[in-house]
Amino acid sequence: MRLDWKGQPVQIRELGQGPAVVLVHGYPLDGAMWSGVARTLSSRFRVLKPDLPGRGENPRPPEGTIDSYADFLQAILGEIPPPAGLAGFSMGGYVSLTLMKRGPGGVGALALVDTRAGADDEAGKAGREAAIAAVRSGGAAAIADGMIAWLLAPGSGQNASLVERLRRIILRQKPETIESDLTAMRDRPDSTGLLSRIALPTIVLAGDQDVISPPAEGQAMAAAIPGARFVSIPASGHLTPMERPGAVAAALSDFFAAALS
Ligand code: MLT
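Now the structure itself:
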């Protein structure tokens, strides 16, 4: 799909046919993190895996706010037939929750994948500042090893081809885009109060070894959203869509098939 976004053409990668499902990536990544999951989902759905501004197929300079990323997603949703499924991974979940604050806007079912509703605490904000300083002086390479260790469960860290694919995605991100993501996440508001008002079928997924969005937070989110279900992804850290694409695709496929039919 081609979208005209703030005067620039943006290509949105898509595959398959059926009800639309939009997959939103996390930090410091791009839409390719969803490739394995997207391939499986594409047997039942029209799957879109956009790159948020500042990366890949989306050259528009990023603006450093979750709201500006949500504006971009809203533009995509405005071009596809409702109801669509929306799955937000981690930072993509922060963007999805921001969209939900604006209303369902064509979304018929929501998946929150390894994400959190709370804002950064002071230690979290200090960590963002340190990462911004590191990226300004050393680019993506300065954060790559640390992020790989954070994103993956120790067992997944032994999978050389997974680590290599992940490193390639991180290293191709521009320093200004990484800084935009960090600024956006540092300044994001708390969305906890929104959860009880989400009136869409919702599923919450989390890796059982996720240290960035611990499973207990996912369970608490699911408990706060009326009717939501929590699914634990076994033998996975934070990056469930790349570590366990089969389990994530199976959970999303059954959920979206039931919720969008
Ligand atoms: C992500 O995976 O998108 C980020 O690690 C989330 C975060 O740092 O809060």
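Here the sequence shown is numbered in the numbering used here, starting from 937 and rising by one per residue. Even glycine gets a Cβ: it sits at the ideal position worked out from N, Cα and C. Predicted model only: the values in this text are computed from it and were never measured.
Residue i (DSSP reduced to helix, strand or coil)
i	result
E940	According to the sequence as given, residue 940 is Asp; it is not Glu. In the structure shown, D940 sits in a strand (DSSP, three-state: E or B).
S1189	helix
R1104	helix
P986	coil
L1141	strand
I1084	helix
F1008	helix
Q947	strand
S1168	strand
G1041	coil
L1098	helix
L1046	strand
R991	strand
A1135	coil
V1147	coil
A1198	One cannot answer for residue 1198 here, as it falls past the ends of the chain, which runs 937 to 1197.
G1182	helix
Test item: CB-CB of residue i and residue j under 8 angstroms
i	j	result
A968	I1114	no
R996	Q944	yes
L1131	I1084	no
L984	I1012	yes
P1137	G1154	no
P986	P998	no
A1047	I1139	yes
V960	L1009	yes
M1178	L1098	yes
P1151	A1159	no
L965	A1006	no
A1053	M1121	no
Q1109	A1076	yes
G1091	A1171	yes
F1192	G1029	no
Separation of residue j from residue i, as counted between CA atoms
i	j	result
R1180	I1169	8 angstroms
G1173	A1089	4 angstroms
S1116	A1135	31 angstroms
L1175	G954	26 angstroms
L1196	L1188	11 angstroms
R949	K1061	33 angstroms
G972	R1101	12 angstroms
G1042	G1024	15 angstroms
I1068	Y963	13 angstroms
P1040	R1133	11 angstroms
L951	D940	20 angstroms
F1166	G1000	30 angstroms
L1107	A1070	14 angstroms
D1144	W970	19 angstroms
R938	S1004	19 angstroms
V1031	G1074	27 angstroms
G1014	V1049	23 angstroms
I1079	A1059	18 angstroms
F981	D1190	11 angstroms
R1038	T1128	15 angstroms
A1096	I1016	38 angstroms
D1146	V1184	14 angstroms
Residue from the options with nearest C-alpha to residue i
i	options	result
D1123	D1057, M1178, A1164 and P997	D1057
A1199	T1119, R1072, G1044 and A1152	Since the first residue of the chain shown is 937 and the last is 1197, residue 1199 is not available in this structure.
P1018	V958, A1171 and V1147	V958
G1063	A1080, A1023 and L1118	L1118
A956	L1048, L939, L977 and D940	L977
A1055	R980, S971 and P1125	P1125
L880	A1066, T1051, R1108 and A1070	Because the chain is modelled from 937 through 1197, residue 880 falls outside the range shown and cannot be assessed.
R975	F1192, G1182 and F1191	G1182
R1072	A1096, L951 and E1112	E1112
G1082	N1095, R1103 and A1096	R1103
K942	R980, N994 and A1059	N994
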